[in-house]
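The sequence shown begins at 357 in the working numbering and counts up by one. Glycine residues also receive a C-beta, built at the ideal position from the N, C-alpha and C atoms. Just so it is clear, the structure is predicted and the values come from calculations on it, not from any experiment.
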Amino acid sequence: MSGQVWAHVGQPFGGSSSSPAHYDLLIVGAGRMGAALARFLREEAPHLSLLLAEEGGLPNEEGATLLAPGVWHARVPPEQGARAEETRTLLEGRLNACGLLELRPDSAGGFRPITDLWTPEVEGLIDPAELPFARLDRRAATYSAGSLALDCAQAASRAGADLMLNVRAELCGSGETGMAQVRLHRLSVTNLHEIVVAQTVQVTAGRLVVAAGALGPHLAEVGLGAVTKHNMAYRQTPRLEVPSTPTSPLLQSGGLLLRPRDGGYTVVPPIPHPDPWGYVPTGGRLVGVPTGLRRETLAALLEVMDGLPALATGALVLGRSLADIPGCWVALPQGGWPLYERLDERHWLLLGGEHADLTGLAVARELARELAE
Ligand code: ADP
357 MSGQVWAHVG QPFGGSSSSP AHYDLLIVGA GRMGAALARF LREEAPHLSL LLAEEGGLPN
417 EEGATLLAPG VWHARVPPEQ GARAEETRTL LEGRLNACGL LELRPDSAGG FRPITDLWTP
477 EVEGLIDPAE LPFARLDRRA ATYSAGSLAL DCAQAASRAG ADLMLNVRAE LCGSGETGMA
537 QVRLHRLSVT NLHEIVVAQT VQVTAGRLVV AAGALGPHLA EVGLGAVTKH NMAYRQTPRL
597 EVPSTPTSPL LQSGGLLLRP RDGGYTVVPP IPHPDPWGYV PTGGRLVGVP TGLRRETLAA
657 LLEVMDGLPA LATGALVLGR SLADIPGCWV ALPQGGWPLY ERLDERHWLL LGGEHADLTG
717 LAVARELARE LAE
């Protein structure tokens, strides 16, 4: 039987301050990690009651999932290989095969002359004099991380999980009963477009998983006093208006990825460093002119511009201010790869981050199996 969905403040919810509602399992955040965990928990532990709580108005409406590159490839370190393969199997039917062309100035690591791998689609994008060597991963593919998260949340809901939208969770530790305690602030919008808390309900849970993306470690620290080593960064993904087709190869050079999307490319720059808590993203300047791209993003583009000359042309959307450039906060889990971590007897942290596309589903399923035991 389908679970219940609460999307509006007006829909009465079972909890009150005197008798909080109770679930066996509660997941905070319905990005791709939280939504995948919910789906797998309904498969692995259908007997346990489950609430998925999300601050946005739709699963993954807020957070990093919406702007995720949605790229799967086989170039992962050996210790991540099994998870990457499992994730690929779970992505079956969603993948759009396009291949990934990695480019280098030298032939180290078995790279071949790029002329062997040249296709008309890369004409004008790559300068073969600067990047004469390449390696092709034929299994690489793109997909939509946003629709994956939505489908997972819907599947979980159809399989009996309750889903609460427009709700900001505040962790309150473990109460006298020993259960995880959480306050759910139901959000509403005023006629002046301010987001306000319209109602707060108390919920207890046998076990609680924080899957709140980049904010997860902060939530755990504030609510539970659990200090972790994870970080976060604001990543921008500007648009490059060079024609692409859905089968144009992904291009990678020096940590920067060009991903074909909607007839052009999304530029996915490397993340240079964590941003401190409280950092407010701002645009930068290029030869004195304001841009929507922050300085670090511009610097990353300058690094690879010689080999990918289209980045030095007007085809790159620089914008005038931050709002012009798609960007979001991405979790930086310690070690760089999706993981989960037990914070205390009742609480877990689930983090995806920049490699969630590659191994996130397998990690969410591992946690579901552990919680089902
Ligand atoms: P991931 O890739 O790890 O799933 P996302 O950033 O895409 O990361 O997803 C995290 C989700 O958690 C977002 O949809 C965000 O709205 C939600 N979220 C963050 N903080 C809270 C909170 N306090 N309560 C409820 N949901 C939250």
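Nearest-angstrom beta carbon gap, V365 and A554 [assumed within contact, 8 Å]: For the purposes of this step, residue 554 is taken as the residue at position 198 of the sequence shown. For the purposes of this step, residue 365 is taken as the residue at position 9 of the sequence shown. Contact holds; Cβ gap of about 4 Å.
Just verifying my parser: in three-state terms, what is the DSSP assignment at I470? Position 114 of the sequence shown, counting from 1, holds the residue named residue 470. Of the three classes helix, strand and coil, the one that applies to I470 here is helix, per DSSP.
Buried or exposed: which applies to G385, given that a residue is buried once 16 or more other Cβ atoms fall within 10 Å of its Cβ? On the sequence shown, residue 385 is found 29 positions in, with the first residue counted as 1. The residue is buried, with at least 16 neighbouring Cβ atoms inside 10 Å.
Could you say if the region 398-417 and the region 465-475 meet the contact criterion of at least three C-beta pairs nearer than 8 Å? no
Please state if the CB of A511 and the CB of G387 are separated by a distance shorter than 8 Å. Translated into positions along the sequence shown, residue 387 becomes position 31. Translated into positions along the sequence shown, residue 511 becomes position 155. Against a cut-off of 8 Å, the Cβ pair of A511 and G387 comes out as no contact.
Across the region 650-670 and the region 589-602, are there enough close Cβ pairs to call them in contact, namely three or more that are closer than 8 Å? yes
What number of angstroms, rounded off, separates the C-alpha of G502 from the C-alpha of L422? If you number the sequence shown from 1, residue 502 lands on position 146. If you number the sequence shown from 1, residue 422 lands on position 66. Going by the C-alpha atoms only, they are around 5 Å apart.
Backbone CA spacing between L613 and R398 [nearest angstrom]: By one-based count along the sequence shown, residue 613 stands at place 257. By one-based count along the sequence shown, residue 398 stands at place 42. Near 35 Å, if we compare the C-alpha coordinates of R398 and L613.
Assign F489 to one of three DSSP states: helix, strand, or coil. Position 133 of the sequence shown holds residue 489. Reduced to three states, the DSSP call for F489 is strand.
Considering only DSSP beta bridges, list what Q537 is partnered with. As a first step, residue 537 must be located in the sequence shown, where it is residue number 181. According to DSSP, Q537 bridges with T560.
Buried versus exposed call for L548 [16 or more other C-beta atoms within 10 Å across all chains shown]: Translated into positions along the sequence shown, residue 548 becomes position 192. Under this definition L548 is an exposed residue.
Inter-residue spacing [alpha-carbon to alpha-carbon] between V636 and K585: Position 280 of the sequence shown, counting from 1, holds the residue named residue 636. Position 229 of the sequence shown, counting from 1, holds the residue named residue 585. Approximately 21 Å between the Cα atoms of the pair.
Can you list, in chain order, the stretches of the beta strand (DSSP E) that have 3 or more residues and sit fully within the region 430-473? 456-460
Could you tell me the boundaries of the alpha helix (DSSP H) in which L657 lies? Numbered from 1 along the sequence shown, position 301 holds the residue referred to as residue 657. Start and end: 651-660.
Is there contact here, the region 481-495 with the region 441-460, by at least three beta-carbon pairs under 8 Å? yes
Strictly by DSSP, which residues pair up with Y696? For the purposes of this step, residue 696 is taken as the residue at position 340 of the sequence shown. L706.
Could you tell me which whole alpha helix (DSSP H) segments of length 4 or greater appear in the region 549-618? 572-580
N- and C-terminal bounds of the alpha helix (DSSP H) containing G502: What you label residue 502 is simply residue 146 of the sequence shown in a count that begins at 1. Start and end: 501-514.
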